[in-house]
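Student: Here it is, the structure, as structure tokens.
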Ligand SMILES: CC(C)(COP(=O)(O)OP(=O)(O)OC[C@H]1O[C@@H](n2cnc3c(N)ncnc32)[C@H](O)[C@@H]1OP(=O)(O)O)[C@@H](O)C(=O)NCCC(=O)NCCS
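Written out as structure tokens, the structure reads:
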């Protein structure tokens, strides 16, 4: 699995504990945290350390694709993106971008690279994702990647402290390849 991914404007790399101040600023924003499933609010240094503890506790054979998103021109740490193996066996895409950087196409650019890296794994034929009903921008990102709706469900949102209506989305390797064929 690649440790780094490069796109036109972004360098995706392993998050480091030195990135904690940027994580706390980015995820400490209600408008970011309320749209993520497992991020507590408020988000503290201790929460960020827990995130790194979990990352470091994973065994090398455990599937994990977790990237910090940095901007190439200045190295700033602006978000995160990954594909994670859920308990139900699904490979799920997740991402966030710090609010000052929204609307520049960074989430789409980063997620496209991460999805491509995930599909390089032969065992991954389908990737899932979900976005809350009150978060249409995330739906735009997923549709641009080729995801299609496959239902809806209530999903827990840790920051809000309750379950929220969520669009379930699905992307097959074939659909991704067709969408991104040169
Ligand atoms: C969702 C999120 C990742 C998008 O990041 P981004 O870098 O701004 O995304 P992009 O610029 O690549 O694309 C955003 C899309 O949403 C659209 N958009 C922006 N605001 C919108 C709004 N209020 N309503 C509908 N669409 C909107 C943009 O126009 C763009 O689509 P387009 O290219 O078709 O015009 C970012 O807002 C975020 O981190 N939110 C909080 C965390 C989150 O929602 N994560 C995803 C969980 S499923």
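Residue numbers (this note's numbering): 143 to 324.
Beta carbons: idealized from backbone N, C-alpha and C, even for Gly.
Remember, it's a predicted structure, so these values are computed and weren't measured experimentally.
#1: If we ignore side chains and look at the alpha-carbon of each, how far apart do residue 314 and residue 212 end up?
#2: Suppose you measure from the CA of residue 294 to the CA of residue 310; what does that come to, to the nearest Å?
#3: Please indicate yes or no: does the CB of residue 302 lie closer than 7 Å to some heavy atom of ligand 1?
#4: When you measure from the CB of residue 246 to every non-hydrogen atom of ligand 1, does any distance come out below 7 Å?
#5: Can you pull the DSSP bridge partners for residue 160?
#6: Ends of the beta strand (DSSP E) at residue 281?
#7: Anyone know if the C-beta pair for residue 160 and residue 255 falls short of 8 Å?
#8: Under DSSP, the beta strand (DSSP E) around residue 290 begins and ends at which residues?
#9: Of all the beta strand (DSSP E) runs that stay within the bounds of the region 223-288, which reach a length of 3 or more residues?
#10: Is the region 216-234 touching the region 249-264 in the sense that three or more CB pairs, one from each, lie closer than 8 Å?
#11: Identify whether residue 309 lies in helix, strand or coil by the three-state DSSP scheme.
#12: Say whether chain E places a C-beta atom closer than 8 Å to the C-beta of residue 266.
#13: How long is the line joining the alpha carbons of residue 236 and residue 271, rounded to whole angstroms?
Tutor: The relevant details are as follows:
#1: Taking the straight line from one Cα to the other gives about 27 Å.
#2: 5 Å
#3: no
#4: Residue 246: yes, Cβ under 7 Å from ligand 1.
#5: According to DSSP, which records beta bridges pairwise, residue 160 is partnered with nothing at all.
#6: Not the beta strand (DSSP E): residue 281 falls in the alpha helix (DSSP H), residues 278-287.
#7: no
#8: Note, residue 290: beta strand (DSSP E), 290-299.
#9: 233-239 and 268-274
#10: yes
#11: strand
#12: Absent from the structure is chain E; it holds one protein chain and no more.
#13: 7 Å
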